[in-house]
Amino acid sequence: MLVLSASLLAGSGVEHSSPTVLSTSPVAHATAADAATPLSIEFDQPVDRTSVTAATFRVFGRWSGPAAGELKVDAGDRRIRFTPVEPFFAGERVMVSVSREIRSADGTPLAHGHAWSFRVRTRGGGFDHPEAFRIPVRDPGEKTVQTYGAYAGDLDDDGWSDLAIVNERGHDIRVYRNDGAGGYGEPTARYAVTPGMFPSPSEGADLNNDGAMDLVVAGGGSDKVDVLLGNGAGGFQPSATYTAGPSVRCIVVLDLDGDGFDDVVVASRLSSDLTLFRNQGDGTLADATRVDTGGDRETACAVADANGDGIQDVFVGALESRELVLLLGDGEGGLAVSDRVTVDGLPWMLAAGDVNGDGNADVVSSNSRGHTASVALGDGEGGFLSVRDYPAGQRPLAIDLGDLDGDGDLDMVVSSYDSANFILFENDGQGNYSVALTLPAPAAGSCAVLHDRDNDGDLDITGIDEIDDILIFFENRGAATPSGG
Numbered sequence: 043m044l045v046l047s048a049s050l051l052a053g054s055g056v057e058h059s060s061p062t063v064l065s066t067s068p069v070a071h072a073t074a075a076d077a078a079t080p081l082s083i084e085f086d087q088p089v090d091r092t093s094v095t096a097a098t099f100r101v102f103g104r105w106s107g108p109a110a111g112e113l114k115v116d117a118g119d120r121r122i123r124f125t126p127v128e129p130f131f132a133g134e135r136v137m138v139s140v141s142r143e144i145r146s147a148d149g150t151p152l153a154h155g156h157a158w159s160f161r162v163r164t165r166g167g168g169f170d171h172p173e174a175f176r177i178p179v180r181d182p183g184e185k186t187v188q189t190y191g192a193y194a195g196d197l198d199d200d201g202w203s204d205l206a207i208v209n210e211r212g213h214d215i216r217v218y219r220n221d222g223a224g225g226y227g228e229p230t231a232r233y234a235v236t237p238g239m240f241p242s243p244s245e246g247a248d249l250n251n252d253g254a255m256d257l258v259v260a261g262g263g264s265d266k267v268d269v270l271l272g273n274g275a276g277g278f279q280p281s282a283t284y285t286a287g288p289s290v291r292c293i294v295v296l297d298l299d300g301d302g303f304d305d306v307v308v309a310s311r312l313s314s315d316l317t318l319f320r321n322q323g324d325g326t327l328a329d330a331t332r333v334d335t336g337g338d339r340e341t342a343c344a345v346a347d348a349n350g351d352g353i354q355d356v357f358v359g360a361l362e363s364r365e366l367v368l369l370l371g372d373g374e375g376g377l378a379v380s381d382r383v384t385v386d387g388l389p390w391m392l393a394a395g396d397v398n399g400d401g402n403a404d405v406v407s408s409n410s411r412g413h414t415a416s417v418a419l420g421d422g423e424g425g426f427l428s429v430r431d432y433p434a435g436q437r438p439l440a441i442d443l444g445d446l447d448g449d450g451d452l453d454m455v456v457s458s459y460d461s462a463n464f465i466l467f468e469n470d471g472q473g474n475y476s477v478a479l480t481l482p483a484p485a486a487g488s489c490a491v492l493h494d495r496d497n498d499g500d501l502d503i504t505g506i507d508e509i510d511d512i513l514i515f516f517e518n519r520g521a522a523t524p525s526g527g
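For the sequence shown, the working numbering begins at 43 and goes up steadily by one.
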């Protein structure tokens with residue numbers, strides 16, 4: 043629910059309140075929305091139709107990217123509806139961002155922006171994931187490039203999941219285009235990063251609101267963040283470089299201040315804090331602001347609305363203090379610590395979602411050295427309820443959530459580096475997990491990406507081995523009907 047604010051119209055003597063959000067559809071944290079579902083937000087009073095534009099109502103699929111669609115204002119001008127032109131990708135997280143520039147019929151703007159996220163339904167699927175094929179990332183004769191992660195976005199807007207692969211020792215990003223059947227050939231493009239940085243996590247965004255996919259890359263081992271703006275043809279412009287705290291280890295993208303442009307937050311391990319970059323309205327980032335979480339060696343982060351106020355919040359994993367810290371957004375560009383909880387190990391990577399179906403945001407963590415994965419349930423009011431730890435192989439470094447078996451709840455995949463495997467955990471619908479399958483890697487389980495690679499409606503898994511520099515493509519063999527492409 044939005045916080046009410048009031049303004050006094052000059053000379054009128056009449057006090058007017060900001061519009062208050064009554065409901066959204068799909069509801070926040072939904073885990074099984076239809077891929078073509080219309081989106082809507084309803085207010086307690088009529089809104090000014092002229093304030094509703096593609097710039098003030100934005101939709102972004104984690105893999106499908108910026109969504110085009112038809113905007114309508116109906117229900118007595120109290121409801122905004124968005125019907126996507128193309129369906130979202132199966133199993134992906136979709137973020138809807140409404141800027142504070144939306145105004146009431148009398149001209150009073152929202153007190154702050156309103157944002158919510160949901161996940162798209164998967165159809166069929168299961169825990170039978172045989173290896174389909176592999177791709178070596180190294181060129182013939184090339185030495186170790188240390189392939190650390192992948193962003194599985196639709197870079198060329200053809201309806202298929204491409205791969206932007208970051209290579210720490212190769213100091214580059216290599217793009218693999220989907221061939222329209224779920225396969226990948228040789229890299230179609232390569233992009234150098236700022237000298238001295240070891241590109242690690244990366245995340246897609248549309249920072250300048252031009253409808254093209256951009257890429258934000260963390261410079262592990264340095265204090266640099268690279269932003270590569272999309273060129274509208276599936277490629278990227280030369281990178282712009284920004285300075286954060288030392289040893290940047292994670293990236294999240296969200297509209298911190300509700301101005302209709304996404305901002306960037308990164309964690310810096312050596313300075314033990316967060317760095318906030320405000321978008322200047324054109325895809326460039328302003329000078330950094332630092333936030334101390336009270337943790338020690340912040341390394342991981344994830345975004346969700348943890349207290350139901352329509353403002354996105356940030357979960358942080360602090361490595362040495364072995365804790366998860368929740369920071370609530372204020373809608374004005376700031377973050378403040380709300381709660382913290384300890385976990386069994388060093389939280390290396392986080393993922394957020396509603397794992398127990400209570401409508402609240404939860405967070406999961408892969409805990410290096412503790413050899414566990416933690417599930418921390420949220421109370422929906424900005425705090426943690428409980429934490430449960432699960433054995434997750436030796437030195438688990440990566441984790442993600444997705445509905446692998448199509449039953450409407452979020453399963454969990456943990457990448458175990460030293461065990462050289464990827465562990466699939468099945469959710470019982472109540473947020474309790476059990477091991478369903480273990481998938482092997484040649485030398486290291488570094489990272490697993492959950493995406494519908496072949497557009498058949500279920501989530502496949504792309505595993506990454508950073509020792510052998512190999513992409514391993516596992517196919518979800520659950521029966522499903524093709525969803526597009």
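Don't be surprised by glycine CBs; every beta carbon is placed ideally from N, CA and C.
None of these values were measured; they are calculated from a predicted model.
Can you grab the Cα-Cα spacing for the pair residue i / residue j, in whole Å?
i	j	result
H413	G133	27 Å
D148	I503	50 Å
L513	V63	44 Å
A419	F357	For the record, residue 419 in the displayed sequence is Leu; it is not Ala. Answer to the nearest angstrom: the Cα atoms are 12 Å apart.
D90	T150	9 Å
A223	D498	10 Å
V379	L439	25 Å
C343	R437	18 Å
E365	W390	11 Å
A234	L271	14 Å
G352	G253	24 Å
Q322	P484	44 Å
F85	Y190	44 Å
G168	F175	19 Å
D453	Y475	8 Å
I293	A348	18 Å
R320	T283	14 Å
P178	I509	11 Å
G107	I441	22 Å
A393	E423	19 Å
G376	S242	26 Å
N518	F131	15 Å
D116	F303	25 Å
L446	H58	48 Å
C489	N209	13 Å
S54	G274	With a pLDDT of only 46 at S54, under 50, the local geometry of the prediction cannot be trusted, and the value read off the model is given with reservation. Going by the C-alpha atoms only, they are around 48 Å apart.
R104	A247	8 Å
T341	P68	32 Å
I122	M137	16 Å
Considering residue i, what are the terminal residues of the beta strand (DSSP E) in which it resides?
i	result
N474	No beta strand (DSSP E) holds N474; DSSP gives it neither H nor E.
L446	Segment: none, L446 is in no beta strand (DSSP E) and carries neither H nor E.
Y190	T189 to Y193
K114	G111 to D116
S407	D404 to S410
P178	E173 to P178
P389	L388 to G395
F426	F426 to P433
R165	Unbroken run through R165: none, as it is neither H nor E.
S416	T414 to G420
F102	F99 to G103
From the DSSP output, read off the bridge partner residues of residue i.
i	result
Y233	I215
Y226	N220
W158	V138
G246	L257
F124	L81 and L113
F516	E173 and I503
D181	Answer is none; D181 lacks a bridge partner.
S146	V89
Original post:
Should the stretch 135 to 143 be regarded as contacting the stretch 96 to 113, the criterion being three or more beta carbon pairs within less than 8 Å?
Top reply: yes
**OP:** Could you tell me which uninterrupted beta strand (DSSP E) segments, each at least 3 residues in length, are contained entirely in the stretch 267 to 297, listed from first to last along the chain?
**Re:** 282 to 285 and 290 to 296
Original post:
Which parts of the stretch 453 to 513 are runs of the alpha helix (DSSP H), unbroken and 4 residues or longer, counting only runs that do not cross its ends?
Top reply: none
Original post:
Per the contact definition of three or more C-beta pairs closer than 8 Å, is the stretch 282 to 294 in contact with the stretch 310 to 328?
Top reply: yes
**OP:** Go through the stretch 50 to 92 residue by residue and report every complete run of the beta strand (DSSP E) that reaches 3 residues or more, in order.
**Re:** 57 to 59, 63 to 67 and 81 to 85
Original post:
Would you call the stretch 191 to 198 and the stretch 459 to 479 in contact, with 3 or more CB pairs under 8 Å?
Top reply: no
Original post:
Okay, do the stretch 153 to 168 and the stretch 456 to 471 touch, 3+ Cβ pairs below 8 Å being the bar?
Top reply: no
Subject >> Continuous beta strand (DSSP E) assignments of at least 3 residues falling wholly in the stretch 313 to 377 >> reply: 315 to 319, 331 to 333, 340 to 346, 355 to 360 and 365 to 371
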